[in-house]
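Q: In this note's numbering, the protein residues as written are -8 to 345.
Using N, Cα and C, we set each Cβ at its ideal position, and we do this for glycine too.
1. Return helix, strand or coil for residue 280, following the three-state DSSP convention.
2. Closest by CA to residue 206, which one among 71, 194, 50, 126?
3. Measuring CA to CA, which of 231, 39, 29 is closest to residue 346?
4. Around the C-beta of residue 46, are 16 or more other C-beta atoms found within 10 angstroms, so that it is buried, or is it exposed?
5. Answer yes or no: do residue 56 and residue 27 have a C-beta to C-beta separation smaller than 9 Å?
6. Drop a sphere of 10 angstroms on the beta-carbon of residue 279, count the other beta-carbons inside from all chains shown, and report buried for 16 or more, exposed for fewer.
7. Is the beta carbon of residue 6 closer than 9 Å to that of residue 230?
8. With distances taken Cα to Cα, identify the nearest neighbour of residue 63 among 141, 15, 226.
9. Where do the N-terminal and C-terminal ends of the alpha helix (DSSP H) with residue 107 fall, by residue?
10. For residue 159, name the three-state secondary structure that DSSP assigns.
11. Report all residues from its chain with a CB closer than 8 Å to the CB of residue 129; omit the five preceding and five following residues, and keep chain order.
12. Residue 328 to residue 74, Cα distance in whole Å?
13. Determine which residues share a DSSP beta bridge with residue 3 and list them.
14. So what does DSSP say about residue 76, is it helix, strand or coil?
15. Does the Cβ of residue 297 have 16 or more other Cβ atoms within 10 Å, making it buried, or fewer, making it exposed?
16. So what does DSSP say about residue 149, is it helix, strand or coil?
17. Spatial neighbours of residue 96 within its chain, please: C-beta separation below 8 Å, excluding the five flanking residues on both sides.
18. Taking a contact to mean a Cβ-Cβ separation below 9 Å, would you say residue 222 touches residue 335 in this structure?
19. In or out: residue 25 buried (at least 16 other Cβ within 10 Å) or exposed?
20. What are the start and end residues of each continuous alpha helix (DSSP H) run of 4 or more residues lying completely inside the stretch 234 to 320, in chain order?
21. Looking at the unbroken alpha helix (DSSP H) that takes in residue 349, where does it start and where does it end?
22. Among 343, 324, 183, which has the Cα closest to the Cα of residue 332?
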């Protein structure tokens, strides 16, 4: 494990570099994530925003090394948590690949940790709140047992100590400890999501991944759940990657935001910087499609068109076919991520002279 330790800045908790993830079948290759970089500092929250199919959940699953294989595979990239390499995938040379194929042991890439080492990290150092609490919980186990299971696997607790801790955790997320023996179907949607949060935070992880944690909930319950997550994060000094399609949720809960489109980061900056001066046409399109209580309009302004087919990505800018400012070179070559001001990066030819 020591050889996986790398030097990192004191404040840097999670660092994703050059992550590329594909889903491969005999007929086609889905390029889900295409070389993204994300850095989350200690105790901070980072929003990952984009529409369905942008690659947000695949990014989260990659951190936990849970991309379903097959058909998914992490082609290349490096992920470190608090200075420890979780994943360091490097594409093999053609000679090495041919050698492995000949032995019947073909592997496209090599992880930094073994699966057993990763089992110790999941839930203990990095945990995830999945999208749908209805399917995230085991319907035939009391919720207390499901929380206790996480505690017993990762902590040195007896059964009695684990049960006591279960009560404390339930109370912490706003559920009476007496309800530990109840089953998931006896809880409302908002309460189920609180149970899922309790499981994720049971071992006080350093990083919490929240994958659209309020998607299945009504608006008032959404606010309560997000407030619960925020309070617990501040109390435990937990870093968070918040995955959502809602810029409003990011504004209330994050310090930094990355906007993702068709598997790429198209804009990244502090939340304050994004809302004060968003640059990329896609970011502006997302913002304009949100209802505003201080503006009286009869219709919202949706972004025209659809994301490109992930099996046939265009040669140039992925947003070109939907962009109101498209130029000829946008169709021909892919723009690089440019720093337009300190800490503010955008992938767009409109700003290449800055």
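A: Walking through what the data contain:
1. Sequence index remark: in the chain shown, residue 280 carries index 289 (1-based). Looking at residue 280 - three-state DSSP - the assignment turns out to be coil, as it is neither helix nor strand.
2. The residue labelled residue 206 in the question sits at position 215 within the chain shown. Shortest Cα-Cα distance from residue 206 to any of 71, 194, 50, 126 involves 126.
3. Look at the range of the chain in this structure, -8 to 345, and you will see that residue 346 is not part of it.
4. As a position in the chain shown, residue 46 is number 55, starting the count at 1. When all chains shown are included, residue 46 counts as buried.
5. In the chain shown, residue 56 corresponds to position 65, counting from 1. In the chain shown, residue 27 corresponds to position 36, counting from 1. Pairing residue 56 with residue 27 gives a Cβ-Cβ distance that is not under 9 Å.
6. As a working mapping, residue 279 is identified with position 288 in the chain shown. It counts as exposed.
7. Walking along the chain shown from the start, residue 230 turns up at place 239. Walking along the chain shown from the start, residue 6 turns up at place 15. For the pair residue 230 and residue 6, the CB atoms are not nearer than the 9 Å cut-off.
8. Here residue 63 refers to the residue found at position 72 when the chain shown is read from its first residue. By alpha-carbon distance to residue 63, the top candidate from 141, 15, 226 is 15.
9. As a working note, residue 107 is residue 116 in the chain shown. From DSSP, the alpha helix (DSSP H) with residue 107 extends over 106 to 112.
10. Working through the chain shown from its first residue, we reach residue 159 at position 168. Three-state result, residue 159: helix.
11. Numbered from its first residue, the chain shown carries residue 129 at position 138. Scanning its chain for C-beta atoms nearer than 8 Å, with the 5 sequence neighbours on each side dropped, one finds around residue 129 the residues 137, 175, in chain order.
12. On the chain shown, residue 328 is found 337 positions in, with the first residue counted as 1. On the chain shown, residue 74 is found 83 positions in, with the first residue counted as 1. The alpha-carbon atoms of residue 328 and residue 74 are separated by roughly 25 Å.
13. By 1-based counting over the chain shown, the position of residue 3 is 12. Bridge partners of residue 3 according to DSSP: 32.
14. Counted from its first residue, the chain shown places residue 76 at position 85. Three-state DSSP puts residue 76 in a strand.
15. Sequence index remark: in the chain shown, residue 297 carries index 306 (1-based). The residue in question, residue 297, is exposed, as its Cβ has fewer than 16 Cβ neighbours within 10 Å.
16. By 1-based counting over the chain shown, the position of residue 149 is 158. Here residue 149 sits in coil by DSSP.
17. Along the chain shown, read from residue 1 onward, the residue named residue 96 stands at position 105. Unreliable placement is indicated for residue 96, whose pLDDT of 45 sits below 50; no coordinate value is reported for it.
18. Locating residue 222 in the chain shown gives position 231, where the first residue counts as 1. Locating residue 335 in the chain shown gives position 344, where the first residue counts as 1. Cβ distance not < 9 Å, so residue 222 and residue 335 don't count as in contact.
19. Within the chain shown, the letter at position 34 stands for residue 25. Buried.
20. As far as the stretch 234 to 320 is concerned, its whole alpha helix (DSSP H) runs of at least 4 residues are 238 to 244, 262 to 268, 272 to 279.
21. Nothing can be reported for residue 349: it is not among the residues displayed for the chain, which extend from -8 to 345.
22. Position 341 of the chain shown, counted from the start, is the residue given in the question as residue 332. When each option's Cα is compared against that of residue 332, the closest is 343.
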